[in-house]
Each structure stands twice: as C-alpha cells, then as structure tokens.
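Trainee: Numbering of the sequence shown is given in the numbering used here, commencing with residue 11 and proceeding in unit increments.
Before I ask anything, here is the structure I am working with.
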Amino acid sequence: MTSTAQPTVPEGRKAHPDHLGHVIFITAAAAMGGFLFGYDSSVINGAVEAIRSRYDVGSALLAQVIAVALIGCAIGAATAGRIADRIGRIRVMQIASVLFTISAVGSALPFALWDLAFWRIIGGFAIGMASVIGPAYIAEVSPSAYRGRLGSFQQAAIVVGIAVSQLVNWGILNLADGQQRGKIAGFEAWQWMLGVMVVPAVLYGLLSFAIPESPRFLISIDKVDRAKEVLSEVEGHSVNLDKRVAEIQDAMRREHKPRFKDLLGKVGFLPIVWVGIGLSVFQQLVGINVAFYYSSALWQSVGIDPSSSFFYSFTTSIINIIGTVIAMIFVDRIGRRPLALIGSAGMAIALALEAWAFSAKTAAGTLPATEGTVALIAAHVFVLFFALSWGVVVWVFLGEMFPNRIRAAALGVAASAQWIANWAITASFPSLSDWNLSGTYVIYTFFALLSIPFVLKFVKETKGKALEEMG
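See below:
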C-alpha cells in the first residue's frame, strides 16, 4: 500500500517555469487520445434513434450494438500496458490513431447492423488503448509538483471530446432539418456524425510524432542519453540529470517486467489492485455514461423534441467541462480523496432527485412541468459533481497509486474493469428503463452512496508523492 510518510522532494523535481509550457504541450498532445476517447464514446448518442429506425431493432439488440464497443475497450485496455512496455508509449498512441481512423470510416459506411457493430469494436480497441496509455504516459513525463493537474488533462480532453461530439451532432442535425436520417450530400445525418471523427483521429497520429518517448521507457531499453534529453525538456536544465536517472534506475532495479501473476495476492489480486478496480467500477456504476450514450433518446422518451434533446445533451457536456476545470484547480490543492467524497455525496442527491422526477412519468410518456424541470436540473447537477470529482480523480489515482513494478499491468486491469462495468451499465439501460426508469436511477443512487464508505476505508491519498515512492 502507499506509504503515509512525507517524501523528500529530490533536486530538480519541480519544473523550471521556462519548461512548463513545453510540458503542457506534450501533455495536451498525449491527451488527444482522451479527446478521441470522449468523442468516440459519446458521438453514438446522436445516432441511437436513427440506427433503431434504419435497422428496425428493439431496445435489447440496439443496446448490444451501442455497448459492443466497450468489449473492444476492455480488450484494448487490458493489452495496452503490455504492448507499451514492449514497443513504447508513442507507438501505442500511433496504433490507436490508426484504429480510430479505420473505425470512423467503417462506422459511417456500414453495410448492415453487424458491420456497424464490428467497426464499433475496432473503435473500442482504440479507446481502451487510449484510456491506459494517456494517464500512464502523462504521469511518467510530468514533474511531481504538477502531476495532478497535468494528469487531469486526460479527463479534460475526454469531456471536451464529449462536448465537441454533441456540438457536431447538433450542428449536423440542424443541417439535416432536424432529422437524424435526413440526407446531407447523399449520406444520412447520423453517418456524418460518426464519420467526422476521422479529423481528430488523424490529428492525434500527427501529434504523436511531435512528442518525446517516456524517459522511463527509454531507460528501460538502455537509451539513457535520450532519456536525459527528455528529462531536461520536461524538468528543466537545472535538474541533476544523473541523479534523476539514478532514481529511476534504482526503482527499476527493484522491479521486473510486470506479468499478470505479479498482480495476484491472497484473495485474487493484490489489495492495491482491488482498490484500483473498485475505483474504476464505482466510476461507472453511478450511471454517468447513460448521460452521454443515451441522453438524447432519454429526453425524447419523456416528451422532449429531438432538437431540444440534442441541445440538452450539449449543455450537459458544457457542465461536464466546467466541473472538470474545477477539479483541475483543486486536485493538487485539497487532494484526490476529498474531491471523491464531495462528488459521491453530490451525485447521490442529484440521482435521487432524478429518480423522484422520473417516477411521475405519465402514460403518454411525458413528465409534468415541475418534475420535468427537476429532472433536467438534477441531470446537470449530477454531471457537475461527477466531473469535479470521480471523472478526474480516478484517472489521476490510476496513474499514480500503483508501485512501479506493477504500474502498467495494474493500470490495464483497472481500466479493463472500468470498461466491463461501463458495458454492463450501457447494455442494461434500455431494458431497465423500459422496465422502470425511476427504479433504474434508484440503483445508480445506491452505488453513489456505497462509494462513500469505499473511499473512506480503502483509498489512500497520493497527492504530492513521487512515482518512485509508490510501493
């Protein structure tokens, strides 16, 4: 488990101000994978009803097509760490870029429903890889004094990607006269929504050629001189490079290439790995991705017209960005753990209000004015509290909390668990909402409440600790 002792700060650990701008650029470029993660995850929101109509499918089968990408995500997350340890972090980013591009083109031009599902799985591989390599790379190139804020770039990029996807969807819908199956230049609106992702996917690949490889990976393959150059770039010329390299080498001498069996303990996994899995699973079981995969369909199901439902999806995404900025400001000031507790309490209250509001759904499929207003406000409040807490701190925790010797492998397992939980929520929501929409939100409320004792009992603060001190 993480030591509670206060570490001494090695010389040069704090970034020289002249180099902070360069570090931010490197971090932002790496976080472009997070942007695509958010964009690809959320863009399907605008196509749900069009896919239902075009292929004439029911809720259960539609849910599987929407959720099938998450199986790819789990596989990509589980394998990305091992691949990154073999061929490097930058190469994994480039592979993910190619997969994002292929998925965008294939999803926009499907021959049939199974074909669309296949291309979504390919996109899922890319999302899973980006979900692991982004926080791992950023943690490895960031000076510890700024690591929390720079680590937050991953989630910031995710929420910007979500917001941009909703804005693009809304714009395309308006060009198609409010019809998700309306034609634009010979293609239906939903096809344009899925295909536009080609642009950021190619940009991600290009940016990967402009940033350096992780110094820890370079040292692992005996490219010490290049590692020193990168350390000088990100930590400043005043840093004692020999000392920093020695620190990393000393940490690496005490470790070996992570294998799955290294993660095993007395009860399945090691305790720290279970904590990482728990953080990942709770992040999803509160139902956050229902807001990003199904919000347009959800609002239409309670009587809101398509154009307004797309607009509310976009405003929710803006709230998501605001909450993420709040988290980035405070994650290194008040710590990861307090933010998680604040978020859990806020989410539980908002979800309970949504459950109450949806219980008033009429036989005609609409909400009374008061309940409708409460539902809309509570949905935005829920996203706000998620974004300022669990949305950011889980990714920061996963990049920091594991000992060096198992970091990549453990992060892969935790991220994989997150995608499996995401799949469970995504695949079950349409059927659960058909059964009882209010009851579905009661379930999400329960998990938000349960996350509070989990954090209090099992999660340790990582603020201000060097990666080499985690063990």
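A virtual CB, placed ideally from N, CA and C, is assigned to each residue, including glycine.
Inspect the CB distances between the segment 456 to 469 and the segment 372 to 384 and report whether three or more fall short of 8 Å.
Mentor: No, because fewer than three Cβ pairs between the segment 456 to 469 and the segment 372 to 384 fall closer than 8 Å, the two stretches do not touch.
Trainee: Compare the Cα-Cα distances from S113 to each of A166, V53, H390 and report the closest residue.
Mentor: The option with the nearest alpha carbon to S113 is V53.
Trainee: With 9 Å as the threshold, decide whether the Cβ of W180 is near any Cβ in chain B.
Mentor: Any reference to chain B falls outside this structure, which holds one protein chain only.
Trainee: Mind listing, in chain order, the continuous alpha helix (DSSP H) runs of no fewer than 4 residues lying wholly within the segment 390 to 440?
Mentor: Runs found: 400 to 410.
Trainee: Using three-state DSSP, classify G288 as helix, strand or coil.
Mentor: In the structure shown, G288 sits in a helix (DSSP, three-state: H, G or I).
Trainee: With respect to the beta strand (DSSP E) encompassing G345, which residues constitute its N-terminal and C-terminal limits?
Mentor: It is not in any beta strand (DSSP E) - G345 carries neither H nor E in the DSSP assignment.
Trainee: Could you say if the segment 313 to 332 and the segment 449 to 461 meet the contact criterion of at least three C-beta pairs nearer than 8 Å?
Mentor: Touching, no, given that fewer than three Cβ pairs across the two stretches are closer than 8 Å.
Trainee: Considering just the uninterrupted stretch of the alpha helix (DSSP H) at G196, what are its terminal residues?
Mentor: Looking at the DSSP string, G196 is not in any alpha helix (DSSP H), and its letter there is neither H nor E.
Trainee: Below 9 Å between beta carbons: does that hold for F392 and L351?
Mentor: No; because the gap between Cβ atoms is not below 9 Å, this pair is not in contact.
Trainee: Buried or exposed for Q164, going by 16 or more other Cβ atoms inside 10 Å?
Mentor: By the neighbour-count rule (16 or more Cβ atoms within 10 Å), Q164 is buried.
Trainee: Pull up the distance between the alpha-carbon of F412 and that of L228, whole angstroms please.
Mentor: Near 20 Å, if we compare the C-alpha coordinates of L228 and F412.
Trainee: Between L123, L273, A425, which has its C-alpha nearest G82's C-alpha?
Mentor: Ranking L123, L273, A425 by Cα distance to G82 puts A425 first.
Trainee: Under 9 Å, do A186 and A39 count as touching if we go by C-beta distance?
Mentor: In this structure, A39 does not lie closer than 9 Å to A186 by Cβ.
Trainee: When DSSP builds the beta bridges, which residues end up paired with F279?
Mentor: Beta-bridge pairing links F279 to L274.
Trainee: How long is the line joining the alpha carbons of I314 and M42, rounded to whole angstroms?
Mentor: C-alpha separation (whole angstroms): 33 Å.
Trainee: Do the segment 427 to 443 and the segment 298 to 309 make contact, defined as three or more Cβ pairs closer than 8 Å?
Mentor: Flag = yes, the segment 427 to 443 and the segment 298 to 309 touch.
Trainee: Tell me, to the nearest whole angstrom, how far the beta carbon of V404 is from that of Q293; I am working on the premise that it is less than 8 Å.
Mentor: Contact flag correct, Cβ pair sits at about 5 Å.
Trainee: Taking the continuous alpha helix (DSSP H) assigned at I148, which residues delimit it?
Mentor: It spans 123 to 151 - the alpha helix (DSSP H) in which I148 sits, taken as one unbroken run.
Trainee: For the segment 194 to 248, list the alpha helix (DSSP H) runs that are entirely contained and at least 4 residues long, ordered along the chain.
Mentor: Segments of the alpha helix (DSSP H) lying fully in the segment 194 to 248: 199 to 205, 208 to 218, 225 to 230, 234 to 245.
Trainee: Determine the contact status of L46 and I137, defining contact as a CB-CB distance below 9 Å.
Mentor: Contact: yes.
Trainee: Does the distance from the C-beta atom of G401 to that of N330 stay below 9 Å?
Mentor: The answer is yes: Cβ separation under 9 Å.
Trainee: Quick check on G22: buried or exposed, where buried means 16 or more other Cβ atoms within 10 Å of its Cβ?
Mentor: Note that G22 has pLDDT 42, beneath the 50 cutoff, so the model's placement of it is unreliable and the number below is only indicative. Looking at its Cβ environment, which holds 16 or more other Cβ atoms inside 10 Å, G22 is buried.
Trainee: From R236 to R226, what distance separates their C-alpha atoms?
Mentor: If you take the alpha carbons of R236 and R226, they lie about 11 Å apart.
Trainee: Does the Cβ of I194 have 16 or more other Cβ atoms within 10 Å, making it buried, or fewer, making it exposed?
Mentor: Result: exposed.
Trainee: How far does the alpha helix (DSSP H) with V469 in it reach, from first residue to last?
Mentor: Careful: V469 lies outside any alpha helix (DSSP H) and carries neither H nor E.
Trainee: Kindly give me the distance between the Cβ atoms of L183 and S317, rounded to whole angstroms, as I take these residues to be in contact under 8 Å.
Mentor: Between S317 and L183 the Cβ distance is about 7 Å, and since that is below 8 Å, they are a contact.
Trainee: Between the Cα of E243 and those of Q259, V255, K253, P222, spot the shortest distance and give me the residue it belongs to.
Mentor: It is P222.
Trainee: Does the distance from the C-beta atom of P153 to that of E239 stay below 9 Å?
Mentor: No, these two residues do not count as a Cβ contact at 9 Å.
Trainee: Which residue marks the beginning of the alpha helix (DSSP H) containing R99, and which one marks its end?
Mentor: Looking at the DSSP string, the run of the alpha helix (DSSP H) that includes R99 is 99 to 118.
Trainee: Roughly how many angstroms separate the alpha carbons of Q428 and A84, rounded to a whole number?
Mentor: If you take the alpha carbons of Q428 and A84, they lie about 8 Å apart.
Trainee: On the premise that I61 lies in contact with V78, defined as a C-beta separation below 8 Å, what is that separation, rounded to the nearest angstrom?
Mentor: Going by Cβ atoms, the distance from V78 to I61 rounds to 12 Å, so no, they are not a contact pair.
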